[in-house]
Amino acid sequence: MDAKIEIYDFAYNSEDPRHKGIFPSHETNHDVEQESLQSSADTENADDDDLETKDPENKIIGKARALYDFAAESEYELGFSQGDILILTKKQGEGWVIGYKGDDVGLVPENYVELIP
370 MDAKIEIYDF
380 AYNSEDPRHK
390 GIFPSHETNH
400 DVEQESLQSS
410 ADTENADDDD
420 LETKDPENKI
430 IGKARALYDF
440 AAESEYELGF
450 SQGDILILTK
460 KQGEGWVIGY
470 KGDDVGLVPE
480 NYVELIP
């Protein structure tokens, strides 16, 4: 059984075919791998204070602390507890941002978090 990579685009609702893509993990391209390795090396050498990437769509907003507990109500939301540290990357509609907590990713209500230095 081949492993698969799932990619989600939260800009589209779950019924839209552009919302989710599934790709076999063995379908890699050597050039893409080399580009990824170079990108990783560049990132490691970048100044830690410069959190903005070259692509404005992938801009990192910053670190945030959860002010309240939030229970995810759908598979697209990210549940978290008060005091958790999240990485926020992109505004997603009115009052929501895309956030990461460890390996988990999902929508985070902006009014439940505060940016921290």
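Going letter by letter, the sequence shown gives residues 370 to 486 in our numbering.
Using N, Cα and C, we set each Cβ at its ideal position, and we do this for glycine too.
Run of the beta strand (DSSP E) containing Pro478, from where it starts to where it stops: Here the beta strand (DSSP E) through Pro478 covers Asp473 to Pro478.
Selected residue, minimal CA-CA separation from Gly462, among Gly448, Ala433 and Pro478: The candidate whose alpha carbon is nearest that of Gly462 is Pro478.
Endpoints, the beta strand (DSSP E) within which Ala435 is located: For Ala435, the uninterrupted beta strand (DSSP E) segment begins and ends at Gly431 to Ala435.
Pick from Ile430, Gly475 and Glu442 that is closest to Ile485, judged by C-alpha positions: The shortest C-alpha to C-alpha distance from Ile485 to any of Ile430, Gly475 and Glu442 is the one to Ile430.
Tyr445 (DSSP reduced to helix, strand or coil): DSSP places Tyr445 in coil when its eight states are reduced to three.
DSSP three-state assignment for Tyr481, whether helix, strand or coil: Three-state DSSP puts Tyr481 in a helix.
Phe439 - DSSP class collapsed to helix/strand/coil: Strand.
Distance between beta carbons of Ala435 and Gly448, contact taken as under 8 Å: Going by Cβ atoms, the distance from Gly448 to Ala435 rounds to 10 Å, so no, they are not a contact pair.
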